[in-house]
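The listed protein sequences derive, respectively, from chains G and R.
In terms of full-length UniProt numbering, the first sequence opens at residue 1 and continues consecutively.
In terms of full-length UniProt numbering, the second sequence opens at residue 1 and continues consecutively.
Note that beta-carbon positions come from the ideal geometry of N, C-alpha and C, so glycine has one too.
Here the structure is a predicted model, which means the values were calculated and not measured.
So the structure is just underneath, and the comments pick up after that.
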Amino acid sequence: MDYVCVTTVECNQGAVRAIRYNVDGNYCLSCGSDKKIKLWNPLKGLLLNTYAGHGNEVLDAASSCDNSQIISCGADKTVILWDVVKAQPLRRLRGHAGKVTSVVFNEESTAVISGSYDNTVMCWDVKSRQNTPIQVLKDATDCVTKVKVTDHEILTSSLDCRIRRYDIRAGELIEDYIGEPVSSISYTSDEQCILASSTDETIKLLDKNSGELLGEYSGHKTGDYYIESCVDHTDSFIFSGSTDGAIWCWDLVKMIPVNQLIHSNKSVVHSLSSHASTGSIISASGSNFKVWSNSSSLENENESET
Amino acid sequence: MDLDDQDFVTYGTPLEPLEEDNLPRKKAFTVEDQIVTDEHGRRRFHGAFTGGFSAGFFNTVGTPQGWEPSTFKSSRNTRMQAKEQSAFDFMDDEDMSEHGICPMSVQVKSSFDNKSIDRSELKRKGNIGKSVSLATSNAVQNVFKPVRVTIGVKLLMKMGWKPGQGVGPRVNMKQKKLMRREWENMGKVYGCELPSNFDKHDDESDESDIDVDLEGITFAPDDYKTYIAVPKLNLFGLGYQGMDRRTVLSSKKQELSKLTVNGKTIRGQAFGVSVFEEEDEDIYGTEDLTNYDFTLEPEAELKKIKKQEYSQLDCIEGFHVCTKPYQRRERFPLPQIPADYVPLKSRRSRWDSTERSEPRAKVKTVTDRVRIIDDDGIASTPGTSKLSAEDEASEELIKKIDSMPPVPTSSFKPFATDSEKQSRYERFLMFRKFGLRDKVDMIYPPTMTEWDREREKSEFEQAACLYRPMSDDMANRFTVGGQEDIQDLLKPVEKTKNLKQEVLIQAAKQKRFGALTRRKLNWIPDKILCKRFNVPEPVTGHLEKSAEVTKNKGPRTSIFEFLKSNEMPDNVKQPEKIEVKSEIMEEQLPEQMKVIVEQEPPPESELVAETSRVNDTGDLTDDIKDITDKMDLFKAVFLSSSDEEDEPDPEPDVPATSTRHLDPVKPIEYSPPRGIFKNLDLDMLRQKPASVKEAASSESENVTDNKTSDTVTETTETPQLPEIKEEEPQLYGPVIPKSLHNDAAAHPRHAFRPKSKKDDEVWVEKSHKHKKHKKHKKHKKHK
């Protein structure tokens with residue numbers, strides 16, 4: 001449980017609103033408040049490309065499974081599909097009536113799910129040339145803060161204190177009441193549990209199938225920020241940003257804070273992304289992001305490299 | 001001369017002695033002298049109608065002596081204004097006169113001119129002087145006369161009647177005169193009645209006048225005069241004619257004025273007034289009564305005397321005192337109202353605060369009266385004393401009821417205005433409750449008439465029916481309003497608490513997440529969304545409909561949905577839905593067939609390649625290399641279908657419900673081998689797949705019916721058939737083995753539906769189909 005800051009990258013794109021790994025974790029995307037998205041090699045801190053085209057702050061981004069496309073959303077209420085190489089927007093999906101807070105590709109990157117301040121979740125077909133959403137999920141009664149996707153589920157969190165899981169296969173909507181506005185959700189890597197951080201400065205781990213509370217993690221500070229949380233690839237640790245500039249780390253089972261990775265002393269760590277296969281996380285604070293790697297995994301890598 | 005005296009016999013009449021002035025002309029009248037003149041004295045040409053024609057004076061037309069019809073004018077200069085000549089240019093007024101070529105005056109045509117009638121009428125008019133004017137006044141009537149006489153007139157004429165005559169038997173002169181007189185007297189006679197003998201005398205004189213010659217001759221009676229009512233245009237009384245305002249001599253004067261003496265007219269009275277003289281005032285011309293004196297005394301004196309007379313008589317001028325005294329009607333004086341009288345219904349002002357001193361006399365009710373009478377000891381209550389023994393039990397009950405305080409069964413009091421009636425009603429209800437309907441009469445006071453009782457009874461019955469208190473079932477559904485009616489409008493309204501919400505919040509607080517905080521709703525994902533997620537569409541009976549419903553619905557769902565979700569585990573299908581599906585399938589047979597045909601098995605090599613790829617990705621944990629296990633093979637193949645997908649809607653026409661859960665066996669059931677399949681020995685072909693099937697079935701022990709169907713699909717997809725199928729892909733499917741057929745027949749059709757407990761199975765099937773389709777498309781593209 002020793003995470004070390006591997007690289008610190010100054011993005012030069014204003015405040016970094018979100019930092020995201022790509023599918024395999026070789027690249028990362030930073031969404032800036034200067035309306036740009038930047039594609040990085042996180043380990044080397046190398047800027048690969050810049051995607052400019054949003055009309056306002058970019059709030060979230062995701063890359064497709066084949067790394068050929070990027071989907072991003074922003075405060076300009078649009079969702080933009082980018083061509084990675086050309087750095088050109090392929091499609092602009094307009095339909096939301098408010099800031100689009102979260103966007104994800106589905107597993108095959110054929111559909112895009114976006115959640116917005118307008119209380120809706122929209123499903124877009126990026127295969128066809130359809131400009132209207134395939135389906136609009138209007139169940140949320142407050143802002144949708146985060147959208148996650150598995151092979152057959154859409155998971156949304158909303159400020160109406162509820163997590164909604166749309167099971168496409170079963171044709172069901174499972175609504176879990178959390179009691180507090182949910183600012184961020186994420187799946188564990190086995191996709192059996194849901195990690196939900198709420199504004200009451202707690203993070204709850206819920207069983208997906210039963211909805212029972214498995215664990216609760218607290219200690220960090222959230223303030224008025226949407227602080228993200230994530231689970232590492234081994235499903236053993238839980239990470240969360242905090243307003244105190246540290247990344248809090250809890251043991252999943254024991255529910256005790258194990259570590260605090262100090263990102264910065266000034267600003268809030270609000271965005272986190274965990275590597276899919278290696279024990280590394282990426283955190284954004286202010287205008288920079290940092291890559292943290294598990295020392296053991298680093299050693300492994302080094303070994304493999306040598 | 002002596003000769004005169006000689007006896008000469010003279011014959012004939014002697015010629016008149018010739019006057020010296022007009023000696024007979026010696027010369028005969030020449031043609032020139034024989035001139036015909038018109039009415040104006042002008043010489044006149046002879047017309048065709050008027051005795052010959054000559055073109056001018058001895059045919060002098062066109063000559064300097066004769067008449068020139070119209071001067072010739074050279075039209076050389078005025079060619080354009082060529083004068084158009086008309087027939088009128090060659091006519092003079094004679095031609096246009098009545099007898100001319102072109103008469104211009106309006107005339108009655110001869111056809112309308114019934115001469116005979118006209119003449120007789122004229123004659124009649126001449127006879128009756130008054131009617132002449134009438135006839136002339138009706139000039140238009142005279143102009144237009146009917147051409148044909150009516151049949152009645154015709155008949156009369158045949159019988160010898162002539163227009164102008166009266167109808168009836170012929171009379172002699174005496175009778176006719178009598179009739180005429182009668183006729184004349186028929187009108188009103190004003191003035192004095194003629195003495196009766198006067199008439200007679202006249203008659204006698206008339207009779208004497210009658211010619212002796214006319215004694216034997218009979219005449220037709222006079223025609224009846226048509227009585228013409230003269231409209232009254234003035235405001236005078238009926239029959240008033242007023243005084244003739246004309247001067248006495250006016251008629252004479254006019255005659256005189258017309259008098260001509262030696263070609264000169266004389267105006268004025270008598271012999272006229274000279275040019276230099278003024279005419280005298282015509283005193284007699286204007287008649288006025290005021291000009292006449294009626295008495296010889298001077299006027300003033302007469303008036304005085306009259307006034308004196310009237311003053312003496314105490315009488316208005318022009319009246320005189322009557323001799324008979326006028327009898328007055330007797331009058332009776334009105335009765336004197338006593339001074340202390342106060343009217344009963346005095347109008348009270350609403351501002352009058354003082355209360356009425358004495359309230360109105362209380363209206364006595366029936367019972368009051370009864371009491372009064374009872375006090376007097378006159379009447380006694382009838383019937384009560386004559387109760388039989390058997391009634392005693394109920395009597396006791398009644399007493400009990402009576403002793404019970406009248407607890408109102410409901411707050412509603414239908415007869416609140418009449419307290420007695422209300423109490424009776426309450427007792428009535430009690431009686432009803434205790435089943436003493438026949439004793440209900442007890443509650444009525446004995447003074448009430450039978451009719452009144454009956455009426456009240458029915459009234460009570462109705463009221464009891466209407467205002468029955470709510471039954472428990474219904475009453476349970478309503479609660480008394482939590483909040484009172486708003487009295488203080490400014491009071492903040494309390495937030496209504498949702499019980500469910502409360503439970504949720506409580507559970508969240510207590511960290512009892514799970515069943516309490518969880519809510520499951522039906523949600524129908526879009527077809528395309530399912531496709532994009534590579535997930536079969538969830539099985540819900542009528543997808544489109546339910547999708548709409550959920551769209552419209554809010555987050556709340558009905559109880560029934562909860563029930564359903566409780567009953568049904570996630571992937572278990574409901575039987576009735578299955579039935580529906582099977583129906584759909586029947587309907588869409590051909591399409592299904594198409595789909596089946598499209599499910600060509602990939603070449604073996606490709607399969608292997610794909611499986612190896614799947615292995616690389618590591619998505620599949622099972623051992624895929626065992627190709628004999630077809631089920632797993634297919635799973636493997638179609639699980640790896642994430643590599644490409646390019647067209648958005650592979651089967652847009654086919655409803656998802658039918659295609660997804662398609663039963664491949666079905667079409668074969670309905671279509672026996674035909675065409676080229678007819679002669680094929682399909683039994684032989686099915687030998688190999690059977691062995692495969694055996695392997696599959698042996699592997700999975702919990703084979704359900706759906707599994708068999710799966711195996712059937714396998715059999716259909718054996719690589720032996722593809723080329724045949726490609727030839728006629730639209731129509732035919734392979735025949736299933738007999739054993740399977742029987743199997744299918746034995747089980748109800750819906751048993752074939754994949755009742756997958758594992759999601760993967762469904763998934764596999766879907767993707768499998770998908771994949772196949774894709775392949776097909778790709779193939780096309782390559783072409």
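With contacts defined as CB atoms closer than 8 Å, Y166 (chain G) and I154 (chain G) qualify as a contacting pair. Ranked by how close their Cα comes to the Cα of G115 (chain G), the residues G:Q135, G:L252 and G:T145 have G:T145 in first place. For W40 (chain G), the enclosing beta strand (DSSP E) begins and ends at K36 to N41. At a beta-carbon threshold of 8 Å, none of the residues of chain G lie near L499 (chain R); the nearest stands roughly 14 Å away.
For Y27 (chain G) and R129 (chain G), the gap between their C-alpha atoms comes out near 28 Å. Taking S183 (chain G) as reference, the option from G:S271, G:F237 and G:S293 with the minimal CA-CA separation is G:S271. Interface flag for D151 (chain G) against chain R is set, since a Cβ pair is found closer than 8 Å.
In summary, I217 (chain R) is exposed, with fewer than 16 beta-carbon neighbours lying within 10 Å of its beta-carbon over all protein chains present. Interface flag for D418 (chain R) against chain G is unset, since no Cβ pair is found closer than 8 Å. For P414 (chain R), the nearest beta carbon of chain G is not closer than 8 Å to its own beta carbon.
Straight-line spacing of the CA atoms in G25 (chain G) and D176 (chain G) works out to 31 Å.
DSSP places R532 (chain R) inside the alpha helix (DSSP H), whose first and last residues are K527 to R532. Under the DSSP definition of a beta bridge, T417 (chain R) lacks any partner. Within the DSSP bridge table, the entry for I70 (chain G) names G:S63 and G:W82 as partners. For the 8 Å CB-CB criterion, T50 (chain G) and K38 (chain G) form a contact.
A direct Cα-Cα distance of roughly 39 Å separates G318 (chain R) from L334 (chain R). A distance below 8 Å between beta-carbons, with the five flanking residues on each side excluded, links I227 (chain G) to the following residues of its chain, in chain order: S183, S184, S197, H220, S240, G241, S242, T243, V268, V269 and H270. Checking the DSSP bridge columns, you'll see L18 (chain R) has no partner listed.
Around N56 (chain G), the same chain offers K35, G74, A75 and D76 as residues with beta carbons nearer than 7 Å, after the five sequence neighbours per side are excluded. Of all residues in the region 104-115 of chain G, only N106, E107, E108, T110 and A111 place a beta-carbon less than 8 Å from a beta-carbon of chain R. Our two residues, Q422 (chain R) and D160 (chain G), have alpha carbons roughly 59 Å apart in a direct line. In this structure, DSSP gives I372 (chain R) a helical state, which the three-state scheme calls helix. S189 (chain G) carries a coil assignment under DSSP once its states are collapsed to helix, strand and coil. For F239 (chain G), the enclosing beta strand (DSSP E) begins and ends at F237 to S240.
Beta-bridge analysis with DSSP links T50 (chain G) to G:K38.
For F460 (chain R), the uninterrupted alpha helix (DSSP H) run begins and ends at E450 to L466, by DSSP. One Cα belongs to R427 (chain R), the other to P414 (chain R), and the distance between them is close to 13 Å. Taking A220 (chain R) as the centre and dropping the five residues before and after it, the same chain places the C-beta of Q165, G166 and R170 closer than 7 Å to its C-beta, in chain order.
Here K204 (chain G) is bridged, per DSSP, to G:A196 and G:E216. Cβ neighbours of R92 (chain G) within its own chain (closer than 6 Å, five residues either side excluded): T78 and I80.
Under the Cβ criterion of 8 Å, R169 (chain G) is counted among the residues facing chain R. Of R:L499, R:T447, R:L490 and R:Y425, the smallest CA-CA separation from C465 (chain R) is found for R:Y425.
Shortest Cα-Cα distance from L173 (chain G) to any of G:S189, G:T188, G:T156 and G:P181 involves G:T156.
When C-alpha distances from T110 (chain G) are compared across G:G45, G:D151, G:C143 and G:H96, the shortest belongs to G:D151. For V503 (chain R), the enclosing alpha helix (DSSP H) stretches over residues L499 to K509. At a cut-off of 8 Å, the C-beta of L504 (chain R) has a neighbouring C-beta in chain G.
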